[in-house]
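Peer 1: One structure follows; several queries about it will come next.
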Amino acid sequence: MTTAVPRRQSRVRGAFVFGLLPLAVLLGCWQFFVPADSRAFPPPSTWPGALAELSAEGSLIPAVRTTLVTFLLALAVATVLGTALGMLIGSSRRLERPLTPVMDFFRTLPPPAMVPVLALLLGTNTSMAVTVVVLASLWPILLNTASERRNVPPVRMEMARSLGLRWSERVFKVLLPSLAPGIMLGVRVAVSIALIVTLLVDILGTGEGIGRELMLGQQSFKPATVWALLLVIGVFGYLLNGAVAAAENRLMRKWGRRR
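What the sequence shown shows, in full-length UniProt numbering, is residues 1 to 259, in sequence order.
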């Protein structure tokens with residue numbers, strides 16, 4: 001057991017480094033083979049200077065902070081709301097039938113179409129941005145949780161009830177461990193959706209995050225700034241996926257189920 005943990009950690013670190021290798025090769029080829037005076041494709045060596053310029057202007061840190069706050073808050077709300085609604089809907093066919101058309105309607109609404117309406121209702125602030133991201137990203141969690149809930153054998157919950165477990169104990173000790181694979185699968189999909197929609201809300205001019213800085217860089221024709229910010233976003237998304245995968249594996253080990 002003591003040797004298995006270091007080996008597992010070593011494999012995780014190796015997979016993480018190996019995952020960044022193609023990006024490093026791409027950036028190296030870009031640096032050496034693309035002309036240094038290219039306007040649309042500036043060499044990667046110019047990107048740190050562009051980020052330093054944004055930082056000196058006082059724009060970089062507030063933009064990153066705004067994007068992080070919106071993304072993390074929206075993902076947390078979507079996870080809690082999607083899990084709760086998924087458990088409720090998946091436990092009752094009578095409830096699922098009338099709610100399915102309503103869910104299909106809201107699920108197919110494109111996020112850009114929701115921005116003007118919610119901006120009128122909530123104003124162009126963090127609450128509006130978080131609401132748009134939540135409405136776009138909760139569906140994978142809700143649908144996967146509901147599907148997993150339908151597959152939980154009724155005898156499992158009846159046995160927990162016959163053992164005298166309280167409702168909260170049945171939920172947290174029996175039901176949630178059974179639903180964990182579906183919930184985590186939904187969260188992994190929701191992470192990408194939430195990040196994309198967070199940037200989209202910024203680009204539409206309703207936020208002050210990284211998306212807005214991308215738009216300003218494009219309008220000012222500062223390609224080095226645009227590419228540098230894209231790299232920051234890509235690395236951030238890669239780290240997020242790794243964090244969610246690590247959390248998923250940890251939960252599966254804790255509850256005795258492995259992928």
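Just so you know, even glycine gets a beta-carbon here, dropped at the ideal spot from N, CA and C. The model shown is predicted, which means the values in this text are computed figures rather than measured ones.
Mark D202 as exposed unless 16 or more other C-beta atoms lie within 10 angstroms of its C-beta, in which case mark it buried.
Peer 2: In the sequence shown, the residue the question calls residue 202 occupies position 202. The residue is buried, with at least 16 neighbouring Cβ atoms inside 10 Å.
Peer 1: For L99, name the three-state secondary structure that DSSP assigns.
Peer 2: The residue you call residue 99 lines up with position 99 of the sequence shown. Three-state result, L99: helix.
Peer 1: With respect to the alpha helix (DSSP H) encompassing E248, which residues constitute its N-terminal and C-terminal limits?
Peer 2: Taking the sequence shown and counting its residues from 1, one reaches residue 248 at position 248. Taken as a continuous stretch (DSSP letters only), the alpha helix (DSSP H) holding E248 covers P223 to K254.
Peer 1: L60 lies in the alpha helix (DSSP H); which residues open and close that run?
Peer 2: Here residue 60 refers to the residue found at position 60 when the sequence shown is read from its first residue. Per DSSP, L60 belongs to the alpha helix (DSSP H) from L60 to G90.
Peer 1: L239 to L72, Cα distance in whole Å?
Peer 2: Position 239 of the sequence shown, counting from 1, holds the residue named residue 239. Position 72 of the sequence shown, counting from 1, holds the residue named residue 72. Going from the Cα of L239 to the Cα of L72 covers about 13 Å.
Peer 1: Residues in its own chain within less than 6 Å of L121 by CB, not counting five upstream and five downstream?
Peer 2: Counted from its first residue, the sequence shown places residue 121 at position 121. Cβ neighbours of L121 beyond the five flanking positions: none.
Peer 1: The alpha helix (DSSP H) spanning P140 covers which residue range?
Peer 2: Taking the sequence shown and counting its residues from 1, the one referred to as residue 140 is at position 140. From DSSP, the alpha helix (DSSP H) with P140 extends over T126 to R150.
Peer 1: L179 to R97, Cα distance in whole Å?
Peer 2: Against the sequence shown, residue 179 aligns to sequence position 179. Against the sequence shown, residue 97 aligns to sequence position 97. Approximately 21 Å, taken between the alpha carbons.
Peer 1: Quick check on this structure: which residue in R150, F172, R149 and N151 has the alpha carbon closest to the alpha carbon of A160?
Peer 2: The residue you call residue 160 lines up with position 160 of the sequence shown. For the residues R150, F172, R149 and N151, the minimum Cα distance to A160 belongs to F172.
Peer 1: What does a CB cutoff of less than 6 Å around A50 pick up in its chain, not counting 5 residues either side in sequence?
Peer 2: In the sequence shown, the residue the question calls residue 50 occupies position 50. Cβ within range, chain order: A224, T225 and A228.
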